[in-house]
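Okay, so here's the structure we're looking at.
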Amino acid sequence: IHPTIAKKDVTLHIIKTFGLGMSKKLGQNFLIDEQVVNSIVTAAHLSSADTVLEIGPGIGTLTQGLAETSAQIVSVELDVKLIQVLAKTLEGYQNVRVVHGDILKFDISREITAERYKVVANLPYYITTPIIMHLLESRLPIELLVTMVQKEVAERMVAAPGGKDYGALSVAVQYYTQPEILFNVPPQSFIPSPAVESAVIRCTVRNVPPVALQEEKLFFRVVKGAFAQRRKTLSNALKTTGLDKAAIGWMLSQAAIDPQRRGETLSLQEFADIANAWSTYKN
Ligand code: SAM
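The number in UniProt numbering is simply the position in the sequence shown, starting from 1, with 1 added.
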């Protein structure tokens, strides 16, 4: 009885019926490609035992695909105008709950009580990185994230040391998860077409961190410092952490890292070695 929303004519019909203006500010680009929706849903390996947090359901395009798996879906949408649209387009799906809110401010643990859950989303591109960082740092019981992001952002998430794509986002994503780019999506798969290429990335949350740390927060301070001024050598860049020259010199020698290197060449293990040297220095 439900028409598939992920089609150009159905989407245009919904937009017209509800008199929707698409908000560029809120990153509203709606999927019109059924195959892309199906591939995203398949990538999340859903069964009726799963709970899914969807961010930004829009008019319910991806939500519908998720709901068809019989998993429990909680969708958080910021645009209040879309809440009444979703009530209509997703009418009859007993396993979907739409919540009005800002994913960055919202108390997710109050809405979802499942022991573990998955995040599936076609993210609003203006806040992709803040959303991903927020979810990873929140320590919520998320086991998997399957998200549509700008292709460039996906490339930064999986980047290896040494290139221009490698930065604080790469280190954080790879510290918390095992990321893999699944496929690219062209602008024509959305209404309106975004200016950029997109990609779907799957991040499987690690049960055990890939590096052993004495203090996790020092690891992230080193990473932040090293990339805050990425053109500088490590011995200079790390001054932004507040440490003095002697301390930095001692830490780098302890970690057996050449102070002339730049942060963008360091592996997760090397960042960890510096952070662990910092712990030793402090104590
Ligand atoms: N899921 C739909 C689809 O695939 O067609 C729409 C995706 S659209 C790229 C992003 C959606 O996120 C929009 O509906 C937008 O209103 C919503 N959004 C933007 N900022 C948000 C925020 N901070 N919290 C929750 N939703 C947000």
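For glycine and all other residues, C-beta sits at the position ideal for the given N, C-alpha and C.
Is the segment 77-91 in contact with the segment 135-145, if contact means three or more CB pairs nearer than 8 Å?
Because the criterion of three Cβ pairs below 8 Å is not met, the segment 77-91 and the segment 135-145 do not touch.
Less than 8 Å separating the beta-carbons of T241 and A229?
Position 240 of the sequence shown holds residue 241. Position 228 of the sequence shown holds residue 229. With respect to A229, T241 sits close: the two C-beta atoms are nearer than 8 Å.
Residues near P125 in its chain [Cβ-Cβ closer than 7 Å; skip 5 each side]
In the sequence shown, residue 125 corresponds to position 124, counting from 1. The residues are L27, G28, G57.
Rounded to whole angstroms, what is the Cα-Cα separation between E181 and T205?
Start at 1 with the first residue of the sequence shown, and residue 181 comes out as number 180. Start at 1 with the first residue of the sequence shown, and residue 205 comes out as number 204. If you take the alpha carbons of E181 and T205, they lie about 9 Å apart.
By the DSSP assignment, the beta strand (DSSP E) with S76 in it spans what residues?
For this step, residue 76 is matched to residue 75 along the sequence shown. Residues 73-78.
Please determine if the segment 159-178 and the segment 187-200 are in contact, where contact requires at least 3 C-beta pairs separated by less than 8 Å.
In short, these stretches do not touch, since the Cβ pair count stays below three.
Whether R262 touches T281 by CB criterion (8 Å)
By 1-based counting over the sequence shown, the position of residue 262 is 261. By 1-based counting over the sequence shown, the position of residue 281 is 280. Between R262 and T281, the gap from beta carbon to beta carbon reaches 8 Å or more.
In the DSSP assignment, find the beta strand (DSSP E) that holds V86 and state where it starts and stops.
Your numbering for residue 86 matches position 85 in the sequence shown. No beta strand (DSSP E) holds V86; the alpha helix (DSSP H) holding it covers 81-90.
Is there at least one non-hydrogen atom of the ligand SAM closer than 7 Å to the beta-carbon of L170?
Counted from its first residue, the sequence shown places residue 170 at position 169. Because no heavy atom of the ligand SAM lies under 7 Å away, the Cβ of L170 does not count as near it: no.
Option nearest A7 by Cα separation, candidates I249, I41, S48, L63:
Residue numbering aside, residue 7 sits at position 6 when the sequence shown is read from its first letter. Restricting attention to I249, I41, S48, L63, the CA atom closest to the CA of A7 is found in L63.
Does the segment 38-55 touch the segment 11-28, meaning 3 or more C-beta pairs lie closer than 8 Å?
No, they do not touch.
Say the cut is 7 Å; is the CB of F31 nearer than that to a heavy atom of the ligand SAM?
Here the question's residue 31 lines up with position 30 in the sequence shown. Yes.
Apart from the five residues on each side of it in sequence, which residues of its chain come closer than 7 Å, Cβ to Cβ, to F220?
Translated into positions along the sequence shown, residue 220 becomes position 219. If we look at F220 and ignore the five residues flanking it on each side, its Cβ neighbours are L214, F272, A273, A276.
Among the candidates S110, G66, N284, F191, whose CA atom is the shortest distance from the CA of E216?
Translated into positions along the sequence shown, residue 216 becomes position 215. Residue N284 is the option with its Cα nearest to E216.
Heavy atom of the ligand SAM within 7 Å of G59 beta-carbon:
By one-based count along the sequence shown, residue 59 stands at place 58. Result yes, Cβ under 7 Å from the ligand SAM.
Alpha carbon to alpha carbon, what distance is there between M158 and S48?
Position 47 of the sequence shown, counted from the start, is the residue given in the question as residue 48. Position 157 of the sequence shown, counted from the start, is the residue given in the question as residue 158. Roughly 27 Å separates the two Cα atoms.
Between the Cα of V81 and those of G59, A68, Q95, N123, spot the shortest distance and give me the residue it belongs to.
Residue numbering aside, residue 81 sits at position 80 when the sequence shown is read from its first letter. V81 has its Cα closest to that of G59, out of G59, A68, Q95, N123.
Could you tell me the distance, in whole angstroms, from the CA atom of V154 to the CA atom of I133?
One-based indexing of the sequence shown puts residue 154 at position 153. One-based indexing of the sequence shown puts residue 133 at position 132. Straight-line measurement puts the Cα of I133 at about 11 Å from the Cα of V154.
Own chain partners of A45 with C-beta closer than 6 Å, once the 5 adjacent residues on each side are dropped:
Numbered from 1 along the sequence shown, position 44 holds the residue referred to as residue 45. These residues qualify, in order along the chain: K119, V121, V147.
Of the residues E156, L87, Q73, the one placed nearest R117, counting alpha carbons only
Translated into positions along the sequence shown, residue 117 becomes position 116. Nearest to R117 by C-alpha distance, out of E156, L87, Q73, is Q73.
Have a look at S254 and L269 and give me their C-alpha separation to the nearest angstrom.
By 1-based counting over the sequence shown, the position of residue 254 is 253. By 1-based counting over the sequence shown, the position of residue 269 is 268. CA-to-CA, the gap between S254 and L269 works out to about 17 Å.
Does any CB atom of chain E fall closer than 8 Å to the CB of L269?
Protein chain content of the structure displayed is limited to a single chain, and chain E is not contained in it.
State the Cα-Cα distance for the pair I249 and W279, rounded to the nearest angstrom.
Taking the first residue of the sequence shown as 1, we reach residue 249 at position 248. Taking the first residue of the sequence shown as 1, we reach residue 279 at position 278. Computed Cα separation, rounded: 8 Å.
Grab me the residues of E112's own chain with a C-beta within less than 7 Å of its C-beta, minus the 5 sequence neighbours each way, in chain order.
For this step, residue 112 is matched to residue 111 along the sequence shown. Only residues of its own chain outside the window of five on either side were considered, and among them V75, V100 have a CB closer than 7 Å to the CB of E112, listed in chain order.
Rounded distance between the beta-carbons of M149 and N185, thought under 8 Å
Numbered from 1 along the sequence shown, position 184 holds the residue referred to as residue 185. Numbered from 1 along the sequence shown, position 148 holds the residue referred to as residue 149. Between N185 and M149 the beta-carbon gap is near 10 Å, outside 8 Å, which marks them as no contact.
Can you tell me the Cβ-Cβ gap for Q190 and D34, rounded? I've got them flagged as a contact below 8 Å.
Your numbering for residue 190 matches position 189 in the sequence shown. Your numbering for residue 34 matches position 33 in the sequence shown. With the sequence shown as reference, residue 190 is identified as Ser, and Gln is not the correct amino acid for it. Going by Cβ atoms, the distance from S190 to D34 rounds to 4 Å, so yes, they are a contact pair.
The alpha helix (DSSP H) that contains L244, what's its start and end?
Your numbering for residue 244 matches position 243 in the sequence shown. Segment: none, L244 is in no alpha helix (DSSP H) and carries neither H nor E.
With a threshold of 16 other CB atoms inside 10 Å of the CB of S171, please say whether the residue is buried or exposed.
Here residue 171 refers to the residue found at position 170 of the sequence shown. Around the beta-carbon of S171, 16 or more other beta-carbon atoms lie within 10 Å, marking it buried.
Out of I104, V53, F107, which one is the CA nearest neighbour of V97?
For the purposes of this step, residue 97 is taken as residue 96 along the sequence shown, with counting starting at 1. Of the candidates I104, V53, F107, the one whose C-alpha sits nearest the C-alpha of V97 is V53.
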